[in-house]
Amino acid sequence: MRRMKITESRFCRRFALDTAIALAPMALASGGALAAASARAGALGLVGGGYGELAWTQREYALALQQGPRERIGCGFITWKLDEDASALDWALEHRPVAVMLSFGDPRTYAGRIARSGAALICQVQRLEQVAQAVEAGATVIVAQGGEAGGHGMNGLNSRATITLVPEIADWLAARSPGTLLLAAGGIADGRTLAAALVLGADGALVGSRLWATRESLAPEGAKQQAVQTTGDGTARSEVFDILRRKNWPAPYDFRAIRNDLHRQWEGRIEALRADPAAARAAYDAGVTAGDFSRAHATIGESVALVRDLPPAEEIIARMTREAQALLGD
Ligand SMILES: Cc1cc2nc3c(=O)[nH]c(=O)nc-3n(C[C@H](O)[C@H](O)[C@H](O)COP(=O)(O)O)c2cc1C
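First residue of the sequence shown: 650, per the working numbering; consecutive thereafter.
Next comes the structure, spelled out in structure tokens:
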């Protein structure tokens with residue numbers, strides 16, 4: 650195989666990074682400390698603006714700028730939620746993020762104001778058919794998210810696997826929009842999977858789950874501990890936790906997390922849960938209050954298989970980069 654130098658990837662060059670990794674903007678987990686630690690480690694650090702909660706975004710984004718290099722800090726939002734309230738996006742744009750990532754909805758509504766701010770637009774897609782819309786929005790980077798990913802993505806009927814989605818989108822972009830960069834997302838969590846992403850034709854990887862399981866992540870400690878004990882068989886996609894959390898996610902999106910006892914209780918009875926969620930919500934809320942992750946959810950993808958420790962983010966980024974580079978030829 651041809652030798653590939655990670656630092657020479659188009660993604661590293663475009664954002665002046667030391668490794669071809671972006672921290673996924675994970676709602677309530679990618680806070681300022683994790684974004685800053687990722688940026689200091691040479692990656693792109695995207696704060697998880699998530700549902701666009703203004704006070705949370707203001708606090709965590711300011712912390713990221715305080716602790717990390719400004720030129721590697723950006724922010725991400727859930728697009729359909731911005732359609733209800735875009736004040737957190739507007740606030741973030743005033744602080745000149747290097748990049749803004751939009752996922753789960755039509756990015757074209759927000760593309761103009763993001764471009765005027767000078768930020769690069771990153772669009773996360775789950776299917777080939779969404780790519781043309783992201784290119785039309787002027788995306789600098791497209792993230793191809795496979796169904797292995799933790800958190801939200803497309804449901805079983807519509808999701809694709811990272812291993813086939815990435816090369817298909819890479820070929821599409823090479824033919825129609827060769828200047829657009831591509832990141833792989835979903836299952837990228839060690840040196841092998843990072844090297845694989847690059848071999849498949851991506852310019853880098855967007856890493857969620859593996860950086861969720863780090864010291865700086867704002868995920869609850871009990872959830873992280875549960876992840877360390879869980880194998881790759883132990884997660885599932887469904888609408889269960891969105892219903893329990895009263896999140897009105899539009900179809901065709903659903904959510905991957907650890908398939909705990911409460912999930913198993915309801916996963917075969919989604920319509921019954923939707924029709925009468927009160928008792929299950931009470932059990933879920935009690936689990937959250939008690940820090941009991943047999944009822945509360947731990948948001949992580951199939952790459953939980955590769956999570957066996959909870960070190961600082963810098964150690965994970967250095968380890969992934971070193972091991973991937975060795976596989977790609979030092
Ligand atoms: C805890 C968690 C929260 C997430 N929250 C968001 C989010 O708010 N917005 C978003 O675009 N993607 C979110 N994602 C999905 C990531 O952007 C990314 O696609 C995914 O983490 C990549 O797969 P991986 O988890 O296997 O690394 C989340 C993922 C996780 C694990």
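Glycine residues also receive a C-beta, built at the ideal position from the N, C-alpha and C atoms.
- prompt: Taking 8 angstroms as the CB-CB cut-off, is VAL815 touching chain C?
  reply: This model lacks chain C altogether; it includes just one protein chain.
Starting from ARG886 and walking both ways along the beta strand (DSSP E), at which residues does that stretch end?
Per DSSP, ARG886 belongs to the beta strand (DSSP E) from 884-887.
Could you check the C-alpha separation between LEU693 and ASP882 for me, to the nearest Å? Rounded to the nearest angstrom, the gap between the Cα atoms of LEU693 and ASP882 is 30 angstroms.
| Can you tell me the Cα-Cα spacing of ALA768 and LEU714, whole angstroms? | 15 angstroms
Please tell me whether, using a cut-off of 7 angstroms, the distance from the CB of ARG859 to the nearest non-hydrogen atom of ligand 1 is below it.
yes
Would you identify the three-state DSSP class for HIS801, choosing helix, strand or coil?
Judged by DSSP in its simplified three-state form, HIS801 adopts strand.
>> Measuring only from the beta carbon, is HIS801 closer than 7 angstroms to any heavy atom that is part of ligand 1?
In response: Relative to ligand 1, the beta carbon of HIS801 is positioned inside 7 angstroms of a heavy atom.
Alpha carbon to alpha carbon, what distance is there between ALA927 and LEU830? 45 angstroms
- Task: Check the C-beta distance from ALA669 over to GLY857 and give it rounded, since I have them as a contact under 8 angstroms.
- Result: Contact flag wrong, Cβ pair sits at about 15 angstroms.
Name the two residues that bound the continuous alpha helix (DSSP H) containing ALA748.
-> Not the alpha helix (DSSP H): ALA748 falls in the beta strand (DSSP E), residues 748-752.
Take MET750 and list the residues in its own chain whose beta-carbon comes closer than 6 angstroms to its own, dropping the five residues that flank it on each side.
PRO674, LEU695, GLY725 and ILE771
request  = Enumerate in chain order the residues of its own chain whose CB-to-CB distance from PRO901 is below 8 angstroms, with the five nearest sequence positions on each side excluded.
outcome  = MET803, ASN804, LEU806 and ASN807
query = Between the region 677-692 and the region 773-793, are three or more C-beta pairs nearer than 8 angstroms?
reply = no
* Asked: What residues match up with VAL815 in a beta bridge as DSSP calls it?
  -> VAL815 pairs with nothing; no bridge assigned.
**Asked** Can THR863 and ALA833 be called in contact, C-beta distance under 8 angstroms?
**Response** no
- Query: To the nearest angstrom, how far is it from the Cα of ASN909 to the Cα of LEU893?
  - Reply: 13 angstroms
Q) Considering only residues of the same chain and omitting the five flanking positions on each side of ARG721, which have a CB-CB separation below 6 angstroms? A) ALA688, LEU693 and GLY694
Margin query: Quick check: what's the CA-CA separation for ALA819 versus ALA783?
Written below: 14 angstroms
Point to revise | alpha helix (DSSP H) segments (min. 4 residues) lying fully within the region 817-866 | key: 840-848 and 858-861
Check your understanding: Taking 7 angstroms as the cut-off, does the CB of ALA678 come closer than this to any heavy atom belonging to ligand 1?
Key -> Yes; taking the cut-off as 7 angstroms, the Cβ of ALA678 has a heavy atom of ligand 1 nearer than that.
With distances taken between CB atoms, is the gap from SER658 to GLY840 smaller than 8 angstroms?
-> Contact: no.
* Which residues in the same chain as GLY940 place their Cβ atom closer than 7 angstroms to its Cβ, once the five residues preceding and following it in sequence are excluded? -> The residues PRO869 and GLY871, in chain order, have a CB closer than 7 angstroms to that of GLY940 in the same chain once the five nearest residues on each side in sequence are set aside.
Looking at LEU977: is its Cβ nearer than 8 angstroms to the Cβ of ALA851?
Cβ distance not < 8 angstroms, so LEU977 and ALA851 don't count as in contact.
Q: Decide if GLN878 is buried, meaning its Cβ has at least 16 other Cβ atoms within 10 Å, or exposed.
A: exposed
(Q) My output table needs one value for TYR902: the three-state DSSP class, helix, strand or coil. (A) Three-state DSSP puts TYR902 in a strand.
Cβ atoms of ASP903 and ARG886: under 8 angstroms apart, would you say? The answer is yes: Cβ separation under 8 angstroms.
In chain order, each alpha helix (DSSP H) run of at least 4 residues that lies wholly inside the region 693-726: 703-716
Practice item. Report the option in ILE791, ALA686, GLU733 and ILE763 whose CA atom is closest to the CA atom of PHE660. Key: ILE791
Is any heavy atom in ligand 1 found nearer than 7 angstroms to the beta carbon of VAL856?
yes
CB-CB under 6 angstroms to GLY799, same chain, minus the five flanking residues each way: which ones, in chain order? GLY857, SER858, ARG905, THR948, ILE949 and GLY950
Quick check: what's the CA-CA separation for VAL747 versus GLY723? 5 angstroms
### Message
Assuming ALA685 is part of the alpha helix (DSSP H), what are its boundary residues?
### Response
Where ALA685 is concerned, the enclosing alpha helix (DSSP H) starts and stops at 681-689.
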